[in-house]
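Peer 1: Let me begin by handing over the structure; questions about it come next.
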């Protein structure tokens, strides 16, 4: 809401002398108790399974906890060690930012432009093309086919093809060679990234009334690009926000695909992301306090990225 | 054999388990009772280099599907786990009777014998303290690991699944009762007699990870195996120390050996002595210090280690109360130094 709206609401607000603000709030809650009752199931589950674990994780990040003995308070030691003594974490941050920077915006713009182009097609063709692009993201573990394609075996598809052509003379260990594993993982990430955001862009594009475009043409819009920037994108701001949030969270939390394809850990930590670092310390080395510290840092990074996107998207259309 | 095989367009499947090479050369994975890893010793580096060189010089395949390649004849000989036998017996029935297994290849030792030790994994049965029924639990464990039950179980499996059900039981008597042919059983028994296992110390999970990195960088990018392995030693030792601290076990600093640590502890005690104690035994103390320096020097031999023990004994003779602890440290340092000799 812009500042104007807030000021006028205050001017219309009732100022009472017989209740404090807190009493007034409680009075309003009791008046609307049916609404609260209806929201209660979701709120209880949300609190129990999302909010409370986050708070517990923040608390645990100040302890040293190995799951067998009671946690021991060591205050900021985990964070100090994380930022000053852990080379692998710095490498993980670098890899995560590369993944996020490449797959986040790239997949976002890809979704947008593919949706924009296929918006022109007839409904039936559009449905087929949408399915072709959307299928990888809903197919569960189909990305493993990349592992089969790029198998280390000399009889793997890519290796066999290149060996037959004489381009290489011995099989290349695609996912076990630190020079290739990062590039391959980025390709797989982009392939699986045309997901829900893509569908929401298509729906959003369909939902823009034709009258907007006609009005814009009257106002002086001359070509498709101006149309896109001044009419299409501002009308689609909710979908853009939704897509951005999904892209950010997806790219920061991108880990399962890499583990399935490149092993745990990937060669010389070449495709090691913050999520892997977390799983390593939490699940393999049983240092749950340290893993919680990593989780808190990841949480802060994602919140920061989301706020940044909010600011940037507020400028669309101006 | 490898050149002949490769000339005929066949290959061999070697194991990438560096522990086999290491233990066949007589080395060990841990030094100083698990306080640090022994991979920076000359013997370990030699074993690792040998493994990497075999793979890179002959371009041996790193990843291959053993059952298929064996059956088509492309890899007619390979080091494979026991379960490969079970698989091949059902999977490749058309070559039944045309293949067999034997003990793994080994390294020729100085005295001419061949050391073909295999490194095995060990599984254990644990009874928790505070259990309600310890005698019952013990009777169960006893019965379960006994050869009578194991033999019955294995024979039942074979009766149900045929030859593919040859269970890899750890009970040697039960293994003898499985329907092996006499030549197969001879090979099995010979390998059982040449078996070793790696002791399990805190932090063991980290070693396989870094040795795999080192091997892959040598295989993919033709890096120098020793350099690659040496670059990870500090990371491994750091993790071992972290885990040992968690269990309140003694740890070493990075780059320090147990011999150096004990020597430092002894020197600390000497330097703390004051006044008449220091002056009364001054010559013995300086002799001990000289012996310590000589033993820790790079070119020290067993003479210097013996001299160290002798100096410790001298100190005990002079004054057991005062020097007992320091002499104990000096002797432990000498023992550690002996253990580093390959």
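Residue numbers (the working numbering), protein chains in the order written: chain A, 1 to 318; chain B, 319 to 660. In this text, a Cβ means the ideal position worked out from N, Cα and C, and glycines have one as well.
From which residue to which residue does the beta strand (DSSP E) around residue 436(B) run?
Peer 2: Sequence index remark: in the second chain, residue 436(B) carries index 118 (1-based). Run containing residue 436(B): 436-438, per the beta strand (DSSP E) assignment.
Peer 1: Contact criterion: CB-CB distance below 9 angstroms. Does residue 7(A) meet it with respect to chain B?
Peer 2: For this step, residue 7(A) is matched to residue 7 along the first chain. Note that residue 7(A) scores a pLDDT of 49, beneath 50, so its modelled location is shaky and nothing firm can be said.
Peer 1: Below 8 angstroms, can you find three or more Cβ-Cβ pairs linking the segment 272-280 of chain A to the segment 144-160 of chain A?
Peer 2: Contact fails between the segment 272-280 of chain A and the segment 144-160 of chain A, because fewer than three Cβ pairs, one in each stretch, are under 8 angstroms apart.
Peer 1: Could you please give me the residues that DSSP links to residue 433(B) through a beta bridge?
Peer 2: Numbered from its first residue, the second chain carries residue 433(B) at position 115. Residue pairing of residue 433(B) in beta bridges, as defined by DSSP: 425(B).
Peer 1: By how many angstroms is the C-alpha of residue 307(A) removed from the C-alpha of residue 239(A)?
Peer 2: The residue labelled residue 239(A) in the question sits at position 239 within the first chain. The residue labelled residue 307(A) in the question sits at position 307 within the first chain. Using only the alpha carbons, I get a separation of about 16 angstroms.
Peer 1: Using the Cβ count rule (16 or more neighbours within 10 Å means buried), how would you classify residue 319(A)?
Peer 2: Outside the displayed range of chain A (1 to 318) lies residue 319(A), so it cannot be described from this structure.
Peer 1: What residues from chain A crowd round residue 379(B), counting only those whose CB sits closer than 9 angstroms?
Peer 2: For the purposes of this step, residue 379(B) is identified with residue 61 of the second chain, where counting begins at 1. Those within 9 angstroms of residue 379(B) in chain A are 152, 153, 154, 170, 171.
Peer 1: Shortest alpha-carbon distance to residue 636(B) belongs to which of 650(B), 620(B), 606(B)?
Peer 2: On the second chain, residue 636(B) is found 318 positions in, with the first residue counted as 1. If we check each option's Cα against that of residue 636(B), 606(B) comes out closest.
Peer 1: Rounded to whole angstroms, what is the Cα-Cα separation between residue 572(B) and residue 259(A)?
Peer 2: Here residue 572(B) is taken as the residue at index 254 of the second chain, counted from 1. Here residue 259(A) is taken as the residue at index 259 of the first chain, counted from 1. If you draw a straight line from the Cα of residue 572(B) to the Cα of residue 259(A), it comes to about 31 angstroms.
Peer 1: Which of the three DSSP states, helix, strand or coil, is assigned to residue 331(B)?
Peer 2: The sequence position of residue 331(B) within the second chain is 13, counting from 1. Note: residue 331(B) maps to strand in three-state DSSP.
Peer 1: Does residue 400(B) pass the burial test, meaning 16 or more other C-beta atoms within 10 Å, or should it be called exposed?
Peer 2: Start at 1 with the first residue of the second chain, and residue 400(B) comes out as number 82. Flag for residue 400(B) reads exposed.
Peer 1: Assuming residue 508(B) and residue 421(B) form a contact by the criterion Cβ under 8 angstroms, report the distance between their Cβ atoms to the nearest whole angstrom.
Peer 2: Along the second chain, read from residue 1 onward, the residue named residue 508(B) stands at position 190. Along the second chain, read from residue 1 onward, the residue named residue 421(B) stands at position 103. Contact flag correct, Cβ pair sits at about 5 angstroms.
Peer 1: So, is the C-beta of residue 534(B) closer than 9 angstroms to a C-beta in chain A?
Peer 2: The count along the second chain starts at 1 and reaches residue 534(B) at position 216. Yes, its Cβ sits closer than 9 angstroms to a Cβ of chain A.
Peer 1: Below 9 angstroms on C-beta distance, what does residue 647(B) contact in chain A?
Peer 2: For this step, residue 647(B) is matched to residue 329 along the second chain. By Cβ distance, chain A contributes nothing, its closest Cβ being about 30 angstroms from residue 647(B), past 9 angstroms.
Peer 1: With a 10 Å radius around its C-beta and 16 neighbouring C-beta atoms as the bar for buried, classify residue 206(A) as buried or exposed.
Peer 2: Locating residue 206(A) in the first chain gives position 206, where the first residue counts as 1. Burial call: exposed.
Peer 1: I believe residue 357(B) touches residue 547(B) by the beta-carbon criterion, under 8 angstroms. Please report the beta-carbon distance rounded to the nearest angstrom.
Peer 2: Taking the first residue of the second chain as position 1, residue 357(B) is located at position 39. Taking the first residue of the second chain as position 1, residue 547(B) is located at position 229. Going by Cβ atoms, the distance from residue 357(B) to residue 547(B) rounds to 6 angstroms, so yes, they are a contact pair.
Peer 1: Using a Cβ-Cβ distance under 9 angstroms, would residue 178(A) count as near chain B?
Peer 2: Residue mapping note: residue 178(A) aligns to position 178 of the first chain, counting from 1. Chain B, which has a Cβ nearer than 9 angstroms to the Cβ of residue 178(A), makes this yes.
Peer 1: Mind checking if residue 369(A) is an interface residue toward chain B, Cβ cutoff 9 angstroms exclusive?
Peer 2: Any question about residue 369(A) goes unanswered here, given that chain A covers just 1 to 318.
Peer 1: Determine whether the beta carbon atoms of residue 330(B) and residue 323(B) lie at a separation below 9 angstroms.
Peer 2: For the purposes of this step, residue 330(B) is identified with residue 12 of the second chain, where counting begins at 1. For the purposes of this step, residue 323(B) is identified with residue 5 of the second chain, where counting begins at 1. Result yes, Cβ atoms of residue 330(B) and residue 323(B) sit closer than 9 angstroms.
Peer 1: Residue 72(A) bridges to which residues according to DSSP?
Peer 2: Within the first chain, residue 72(A) is the residue found at index 72, counting from 1. DSSP lists 64(A) as partners of residue 72(A).
Peer 1: With distances taken from CA atoms, which of 327(B), 326(B), 333(B) is nearest residue 533(B)?
Peer 2: As a first step, residue 533(B) must be located in the second chain, where it is residue number 215. Closest option to residue 533(B), Cα to Cα, is 333(B).
Peer 1: Go ahead and label residue 174(A) buried or exposed: buried means 16 or more other beta carbons lie within 10 angstroms of its beta carbon, across all protein chains shown.
Peer 2: As a first step, residue 174(A) must be located in the first chain, where it is residue number 174. Flag for residue 174(A) reads buried.
Peer 1: How about residue 365(A): is its C-beta nearer than 9 angstroms to some C-beta of chain B?
Peer 2: Missing from the structure shown is residue 365(A); chain A here goes from 1 to 318 and no further.
Peer 1: In the structure shown, what three-state DSSP assignment does residue 355(B) receive?
Peer 2: Your numbering for residue 355(B) matches position 37 in the second chain. Strand.
Peer 1: Which one or two residues does DSSP pair with residue 348(B) in a beta bridge?
Peer 2: Translated into the one-based positions of the second chain, residue 348(B) becomes position 30. Per DSSP, 355(B).
Peer 1: Going straight from the alpha carbon of residue 7(A) to that of residue 42(A), what length do you get?
Peer 2: For this step, residue 7(A) is matched to residue 7 along the first chain. For this step, residue 42(A) is matched to residue 42 along the first chain. Residue confidence is low: residue 7(A) scores 49 on pLDDT, short of 50, so the model does not pin down where it sits. Its coordinate-derived value is still stated next. The straight-line gap from Cα to Cα measures roughly 33 angstroms.
Peer 1: Considering only C-alpha positions, which residue in the set 375(B), 599(B), 554(B) is nearest to residue 520(B)?
Peer 2: Position 202 of the second chain, counting from 1, holds the residue named residue 520(B). Closest option to residue 520(B), Cα to Cα, is 554(B).
Peer 1: According to the Cβ coordinates, are residue 515(B) and residue 438(B) closer than 9 angstroms?
Peer 2: In the second chain, counting from the first residue as 1, residue 515(B) sits at position 197. In the second chain, counting from the first residue as 1, residue 438(B) sits at position 120. Yes; because the gap between Cβ atoms is below 9 angstroms, this pair is in contact.
Peer 1: Looking at the unbroken alpha helix (DSSP H) that takes in residue 84(A), where does it start and where does it end?
Peer 2: In the first chain, residue 84(A) corresponds to position 84, counting from 1. Taken as a continuous stretch (DSSP letters only), the alpha helix (DSSP H) holding residue 84(A) covers 77-84.
Peer 1: Compare the beta carbon distance of residue 319(A) and residue 264(A) with 9 angstroms and say whether it is the shorter of the two.
Peer 2: No information on residue 319(A) is available, as it lies outside the stretch 1 to 318 that chain A covers here.
Peer 1: Just to make sure I have the definition right: I need the residues of chain B whose C-beta is within less than 9 angstroms of the C-beta of residue 66(A). Which are they?
Peer 2: Along the first chain, read from residue 1 onward, the residue named residue 66(A) stands at position 66. Those are 564, listed as they occur along chain B.
Peer 1: Compute the beta-carbon to beta-carbon distance between residue 483(B) and residue 475(B), rounded to the nearest angstrom, for a pair I have assumed lies under 8 angstroms.
Peer 2: Residue mapping note: residue 483(B) aligns to position 165 of the second chain, counting from 1. Residue mapping note: residue 475(B) aligns to position 157 of the second chain, counting from 1. Correct: roughly 4 angstroms between the Cβ atoms.
Peer 1: Residue 239(A) CB to nearest chain C CB: under 9 angstroms?
Peer 2: Structure shown: chain C not included; protein chains present are A and B.
Peer 1: Where DSSP assigns a beta bridge to residue 305(A), which residues make up the other side?
Peer 2: Taking the first chain and counting its residues from 1, one reaches residue 305(A) at position 305. BP columns for residue 305(A) are empty, so no partner.
Peer 1: Specify the secondary structure class of residue 395(B) as computed by DSSP and reduced to three states.
Peer 2: On the second chain, position 77 is the one that residue 395(B) refers to. It is a strand residue.
Peer 1: When we look at the beta-carbon of residue 355(B) and count the other beta-carbons within 10 Å, is it buried (16 or more) or exposed?
Peer 2: Here residue 355(B) refers to the residue found at position 37 of the second chain. Residue environment analysis places residue 355(B) among the buried positions, since at least 16 neighbouring C-beta atoms fall within 10 angstroms of its C-beta.
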